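Participant:
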Amino acid sequence: MKKYYINEEKKISKLLKNKSLNTSNKVIKYMYEDLKLLSTHINETTKQNIACSKGCSHCCNTRVEITEPEAVFIYSYIKDNLNQEQQNAIFSKIKEITNITSQMQTTDDHIKLQIPCIFLNNQICSIYEIRPFICREFHSVDLESCLNCYNKLEKNAGALESNKIKDSYYRIFRKYMHIYRENKLQISGNEFLSSLLKIHETPNYIKNYFSNLK
Ligand code: SF4
Numbered sequence: 008m009k010k011y012y013i014n015e016e017k018k019i020s021k022l023l024k025n026k027s028l029n030t031s032n033k034v035i036k037y038m039y040e041d042l043k044l045l046s047t048h049i050n051e052t053t054k055q056n057i058a059c060s061k062g063c064s065h066c067c068n069t070r071v072e073i074t075e076p077e078a079v080f081i082y083s084y085i086k087d088n089l090n091q092e093q094q095n096a097i098f099s100k101i102k103e104i105t106n107i108t109s110q111m112q113t114t115d116d117h118i119k120l121q122i123p124c125i126f127l128n129n130q131i132c133s134i135y136e137i138r139p140f141i142c143r144e145f146h147s148v149d150l151e152s153c154l155n156c157y158n159k160l161e162k163n164a165g166a167l168e169s170n171k172i173k174d175s176y177y178r179i180f181r182k183y184m185h186i187y188r189e190n191k192l193q194i195s196g197n198e199f200l201s202s203l204l205k206i207h208e209t210p211n212y213i214k215n216y217f218s219n220l221k
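Take a look at the structure:
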């Protein structure tokens with residue numbers, strides 16, 4: 008298999024032996040670095056027609072899932088980079104949205120709501136460099152299918168994705184998640200905004216996550 012990642016498993020594994028916010032955030036940063044490199048490689052070499060492009064954001068109006076260490080990473084980014092006023096605005100908006108989505112019985116009900124992601128700004132992702140894995144791996148090969156799927160809510164609207172590309176992304180993702188599991192850190196996936204809110208509202212959430220006390 009062609010090597011299109013830069014961060015070696017050994018190095019990451021050693022780093023995460025020290026279970027802390029700092030090391031985990033570094034590991035997620037490395038994962039996103041590797042995924043970015045893969046993305047460049049795919050863009051340069053694929054013969055498939057990728058429909059995704061800047062400003063196209065149909066898939067940002069749906070339910071987004073995230074793993075726990077990624078949620079912790081993005082939460083830390085918000086805390087470190089936004090001022091108090093911006094943080095208050097974000098978490099009050101997240102609360103508003105999750106009050107609605109938590110009433111939904113099924114994932115499909117949530118998807119049908121078509122609520123834009125709070126990080127979507129003028130159809131552009133405002134956290135593009137640190138967006139979750141799930142937002143990276145999706146590659147539509149048919150714009151029409153996306154429109155049918157996300158705007159008209161048709162099920163099985165057509166061949167949306169390239170499985171070959173998806174597999175390459177998941178290979179890298181699984182490598183990283185395996186290291187978290189080896190270090191007995193939870194990686195369970197949850198809905199993006201409710202994960203951020205849970206971290207924000209639960210006292211000692213991050214400390215307990217790294218002590219495996221959560
Ligand atoms: S994080 Fe960015 S890419 Fe992902 S759903 Fe939100 S706006 Fe879209």
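Numbering of the sequence shown is given in our numbering, commencing with residue 8 and proceeding in unit increments. The beta carbon of each residue, even a glycine, is placed where N, CA and C say it ideally should be. Nothing here was measured: the structure is a model prediction, and the numbers come from that model.
Just the Cα atoms here: how many angstroms apart are residue 6 and residue 60?
Facilitator: Residue 6 lies beyond the range of the chain shown here (8 to 221); nothing can be said about it.
Participant: Taking 7 Å as the cut-off, is the CB of residue 63 close to at least one heavy atom of ligand 1?
Facilitator: Position 56 of the sequence shown holds residue 63. Result no, Cβ not under 7 Å from ligand 1.
Participant: Do three or more CB pairs link the stretch 104-115 to the stretch 52-69 at distances below 8 Å?
Facilitator: Output reads no: the stretch 52-69 does not touch the stretch 104-115.
Participant: Following a CB-centred definition, is residue 127 positioned closer than 7 Å to any heavy atom of ligand 1?
Facilitator: The residue given as residue 127 occupies position 120 in the sequence shown. Residue 127: yes, Cβ under 7 Å from ligand 1.
Participant: Please say whether residue 172 and residue 49 have beta carbons closer to each other than 8 Å?
Facilitator: Translated into positions along the sequence shown, residue 49 becomes position 42. Translated into positions along the sequence shown, residue 172 becomes position 165. Against a cut-off of 8 Å, the Cβ pair of residue 172 and residue 49 comes out as a contact.
Participant: Just mark residue 32 as buried or exposed, buried being the case when its beta carbon has 16 or more other beta carbons within 10 Å.
Facilitator: Against the sequence shown, residue 32 aligns to sequence position 25. Its Cβ being crowded by 16 or more others within 10 Å, residue 32 is buried.
Participant: Note the first and the last residue of the continuous beta strand (DSSP E) segment covering residue 198.
Facilitator: Within the sequence shown, residue 198 is the residue found at index 191, counting from 1. Per DSSP, residue 198 belongs to the beta strand (DSSP E) from 196-198.
Participant: Would you call residue 256 buried or exposed, if buried means 16 or more other Cβ atoms sit within 10 Å of its Cβ?
Facilitator: Absent from the model: residue 256. The displayed extent of the chain is 8 to 221, so no value can be given.
Participant: What are the boundary residues of the beta strand (DSSP E) that includes residue 172?
Facilitator: Here residue 172 refers to the residue found at position 165 of the sequence shown. Careful: residue 172 lies outside any beta strand (DSSP E), inside the alpha helix (DSSP H) at 170-189.
Participant: Strictly by DSSP, which residues pair up with residue 118?
Facilitator: One-based indexing of the sequence shown puts residue 118 at position 111. Residue 118 is not bridged to any residue.
Participant: Given the structure, does residue 59 come close to ligand 1, in the sense that its CB is under 7 Å from one of the ligand's heavy atoms?
Facilitator: Residue 59 sits at position 52 when you count from the first residue of the sequence shown. No, the Cβ of residue 59 stays beyond 7 Å of every heavy atom of ligand 1.
Participant: What residues match up with residue 132 in a beta bridge as DSSP calls it?
Facilitator: Position 125 of the sequence shown, counting from 1, holds the residue named residue 132. BP columns for residue 132 point to 127.
Participant: According to DSSP, which residues form a beta bridge with residue 72?
Facilitator: Within the sequence shown, the letter at position 65 stands for residue 72. Beta-bridge pairing links residue 72 to 198.
Participant: Can you check whether the CB of residue 207 is closer than 8 Å to the CB of residue 82?
Facilitator: Here residue 82 refers to the residue found at position 75 when the sequence shown is read from its first residue. Here residue 207 refers to the residue found at position 200 when the sequence shown is read from its first residue. The answer is yes: Cβ separation under 8 Å.
Participant: Spatial neighbours of residue 21 within its chain, please: C-beta separation below 7 Å, excluding the five flanking residues on both sides.
Facilitator: Residue numbering aside, residue 21 sits at position 14 when the sequence shown is read from its first letter. None.
Participant: Does the Cβ of residue 138 lie closer than 7 Å to at least one heavy atom of ligand 1?
Facilitator: By one-based count along the sequence shown, residue 138 stands at place 131. Yes.
Participant: Quick one: grab the DSSP three-state call for residue 152.
Facilitator: Taking the sequence shown and counting its residues from 1, the one referred to as residue 152 is at position 145. Looking at residue 152 - three-state DSSP - the assignment turns out to be helix.
Participant: DSSP three-state label for residue 59, please.
Facilitator: For the purposes of this step, residue 59 is taken as the residue at position 52 of the sequence shown. Looking at residue 59 - three-state DSSP - the assignment turns out to be coil, as it is neither helix nor strand.
Participant: Can you find the residues in the same chain that come closer than 6 Å, C-beta to C-beta, to residue 201, ignoring five residues on each side of it along the sequence?
Facilitator: As a first step, residue 201 must be located in the sequence shown, where it is residue number 194. Excluding sequence neighbours, residue 201 sits near 105.
Participant: Assign residue 53 to one of three DSSP states: helix, strand, or coil.
Facilitator: What you label residue 53 is simply residue 46 of the sequence shown in a count that begins at 1. Coil at residue 53, not helix or strand.
Participant: Under DSSP, the alpha helix (DSSP H) around residue 157 begins and ends at which residues?
Facilitator: For this step, residue 157 is matched to residue 150 along the sequence shown. Where residue 157 is concerned, there is no enclosing alpha helix (DSSP H), given that its DSSP letter is neither H nor E.
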